[in-house]
Amino acid sequence: MARLFGTDGVRGIANEELTPLMAMQLGQAGAYVLTKEKEHKPTIMVGCDTRISGDMLANALMAGACSVGANCVYVGIMPTPAVAYLTQKYKVDAGVVISASHNPVEFNGIKFFDGNGYKLPDELEDEIEKLMKDKMPGVNFPTGPAVGKVKYRTDAREEYINHAIQSVPVALEGMKIVVDCAEGAAYYTSVEALKELGASVVAIHNNPDGTNINANCGSTHMAELQARVVYEKARIGLAFDGDADRLLAVDENGEVVDGDQIMAIIGNHMRDNGKLKKDTIVATIMSNLGFFLMGERNGLTIEQTKVGDRYVLERMKEIGASLGGEQSGHIIFLDENTTGDGLLSALHLLQVMVDTGKSLSELAGIMEVLPQALVNAKVANHKKEKYMEYPVIAEAIGRLEKAFAGEGRVLIRPSGTEPLVRVMIEGKDKQVIRAEAEKLAMLIQDVMF
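If you want it as structure tokens, here you go:
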């Protein structure tokens with residue numbers, strides 16, 4: 063059995079790979095593993111993004127949890143960081159988000175949080191998976207009054223908005239902001255929070271219908287937002303992904319400002335105000351070389367982890383850091399929430415603009431983004447970890463690493479959430495690195511698919 067959990071929960075095509083039966087079993091096993099030490103009747107909070115398959119999977123998962131005696135609180139459509147925050151605030155025993163983040167509508171996913179709002183470590187995921195594989199040995203399925211029940215809440219999103227505003231109470235009167243909600247979970251929370259802080263908000267892609275999530279919009283498709291910011295003469299554009307745990311931005315000239323740049327801007331501002339613990343930012347190996355050079359110039363320590371915000375978070379907790387994240391826009395403010403939070407990222411970025419009086423393009427100049435080519439090779443999901451076992455691929459990678467030594471870098475890694483091997487090359491000449499990345503990705507695809 064291939065490992066069920068990837069870098070961000072269990073993912074797959076809804077109703078084909080991620081079936082209601084699997085969701086029910088995950089509900090049973092997850093509820094048992096996460097609450098077995100509790101002496102009271104456990105409660106699990108469940109939320110989802112706007113995908114049409116969300117209700118199907120959420121109800122199946124809650125049925126599974128109730129069947130092992132756990133109660134569920136269903137908060138409906140809610141950003142992933144909101145579920146993480148509310149899980150700890152209400153002191154429930156665990157939280158679950160039904161979402162496939164930035165993926166297309168046919169995909170969905172299930173990710174768990176423990177009672178403190180943190181994503182699960184590998185060991186707990188492995189325990190859940192083993193329980194499912196072994197057909198739930200030792201799990202009690204109660205009857206009568208001991209069966210769990212579901213409570214529905216529709217007011218919880220307001221509490222998340224209030225938390226974000228209280229965490230970063232920045233005055234935005236007179237600031238025009240274009241917000242791309244990706245037809246996802248941010249469609250209400252992000253717009254309302256910015257309006258409450260006084261901003262003039264132009265919202266796009268904020269009419270989710272269950273089928274349009276991430277469709278040519280949001281943080282993975284920035285072109286429309288870039289054009290709209292320039293047309294509206296806005297100060298900034300904000301792009302969320304489907305479950306609103308990541309943020310990318312667009313400056314007043316229509317240029318994209320990525321997660322590395324956002325962390326550089328906010329990190330230096332936090333350091334200047336004594337709020338960047340240990341003068342350290344935790345990033346991943348995928349961060350741009352320019353980000354690490356920025357850290358050296360500005361006296362910041364940049365810690366590196368494997369790709370995945372869960373690994374960033376683990377390192378942040380280990381060393382006591384307050385800021386960390388990924389180039390893709392997952393940014394964690396550990397003093398304010400336990401996971402990547404697009405809304406908090408947006409408010410912190412806006413706060414730097416207000417405090418300094420600088421435009422986003424000026425602020426983004428704190429680091430030079432070196433040319434980087436990222437090309438995906440489609441491969442069978444069960445093969446993606448084994449690319450180095452093919453001699454022709456291993457030799458091609460070795461040749462490239464020698465060619466770019468000292469003037470860039472080559473990074474190959476399997477996607478944690480999709481059937482892809484990602485090829486990333488960084489160097490001085492954009493055309494050269496793009497051509498080499500495409501050539502290697504095509505080789506990997508041809509050999510492995």
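Under this note's numbering, residues 63 to 511 are what the sequence shown spells out, in order. Even for Gly, the Cβ is constructed at its ideal location relative to N, Cα and C.
Between the Cα of residue i and the Cα atoms of the options, which residue gives the shortest distance?
i: residue 284; options: 88, 312 and 459; result: 312
i: residue 266; options: 260, 246 and 475; result: 246
i: residue 378; options: 188, 344 and 358; result: 344
i: residue 401; options: 380, 373, 287 and 423; result: 373
i: residue 440; options: 186, 258 and 503; result: 503
i: residue 472; options: 480, 479 and 461; result: 461
i: residue 102; options: 132, 76, 116 and 89; result: 132
i: residue 139; options: 94, 158 and 92; result: 158
i: residue 256; options: 276, 226 and 277; result: 226
i: residue 449; options: 426, 203, 398 and 483; result: 483
i: residue 210; options: 112, 262, 104 and 442; result: 104
i: residue 275; options: 365, 116 and 465; result: 116
Ordered along the chain, which non-local residues of its own chain (more than five positions away) have a Cβ less than 6 Å from that of residue i?
i: residue 134; result: 106, 108, 124, 127 and 212
i: residue 230; result: 409, 410 and 413
i: residue 294; result: 240 and 264
i: residue 68; result: 478 and 479
i: residue 94; result: 130 and 201
i: residue 421; result: 314
i: residue 288; result: 312 and 316
i: residue 151; result: none
CB-CB under 7 Å to residue i, same chain, minus the five flanking residues each way: which ones, in chain order?
i: residue 326; result: 353, 356, 428 and 429
i: residue 496; result: 435
i: residue 273; result: 114 and 167
i: residue 176; result: 96, 156 and 182
i: residue 390; result: 308 and 321
i: residue 317; result: 423
i: residue 63; result: At residue 63 the pLDDT is 48, less than 50, meaning the model places this residue with poor confidence and gives no usable figure here.
i: residue 361; result: 341
Could you confirm whether any beta carbon from chain C is found closer than 8 Å to the beta carbon of residue i?
i: residue 297; result: This model lacks chain C altogether, as it is built from one protein chain only.
Less than 8 Å between the CB atoms is what I'm expecting for residue i and residue j, so what's the real figure, rounded?
i: residue 164; j: residue 304; result: 6 Å
i: residue 433; j: residue 337; result: Not quite, the Cβ-Cβ distance comes to about 32 Å (not below 8 Å), so this is no contact.
i: residue 146; j: residue 179; result: 4 Å
i: residue 323; j: residue 431; result: 7 Å
i: residue 487; j: residue 470; result: 7 Å
i: residue 367; j: residue 341; result: At roughly 18 Å, the Cβ-Cβ gap does not stay under 8 Å, so residue 367 and residue 341 are not in contact.
i: residue 120; j: residue 136; result: 7 Å
i: residue 281; j: residue 233; result: With a Cβ gap of about 26 Å, residue 281 and residue 233 do not count as contacting.
In angstroms with no decimal places, state the Cα-to-Cα distance between residue i and residue j.
i: residue 370; j: residue 477; result: 10 Å
i: residue 330; j: residue 79; result: 44 Å
i: residue 403; j: residue 308; result: 6 Å
i: residue 286; j: residue 351; result: 28 Å
i: residue 228; j: residue 173; result: 27 Å
i: residue 154; j: residue 195; result: 27 Å
i: residue 292; j: residue 224; result: 30 Å
i: residue 406; j: residue 306; result: 10 Å
i: residue 298; j: residue 238; result: 7 Å
i: residue 242; j: residue 268; result: 7 Å
i: residue 279; j: residue 271; result: 14 Å
i: residue 161; j: residue 333; result: 34 Å
i: residue 501; j: residue 481; result: 19 Å
i: residue 511; j: residue 217; result: 47 Å
i: residue 185; j: residue 301; result: 34 Å
i: residue 446; j: residue 507; result: 10 Å
i: residue 90; j: residue 490; result: 52 Å
i: residue 415; j: residue 425; result: 8 Å
i: residue 3; j: residue 110; result: Residue numbering for the chain in the displayed model covers 63 to 511; residue 3 lies beyond these limits and cannot be assessed.
Buried or exposed for residue i, going by 16 or more other Cβ atoms inside 10 Å?
i: residue 83; result: exposed
i: residue 359; result: exposed
i: residue 219; result: buried
i: residue 395; result: buried
i: residue 208; result: exposed
i: residue 50; result: The shown model of the chain, from 63 to 511, leaves out residue 50, and the question about it has no answer.
i: residue 235; result: exposed
i: residue 222; result: buried
i: residue 141; result: buried
i: residue 197; result: exposed
i: residue 347; result: exposed
i: residue 512; result: The shown model of the chain, from 63 to 511, leaves out residue 512, and the question about it has no answer.
Please return the same chain residues whose Cβ sits closer than 8 Å to the Cβ of residue i, not counting the five positions on each side in sequence.
i: residue 499; result: 435, 436, 437, 485, 486 and 487
i: residue 509; result: 452, 454 and 455
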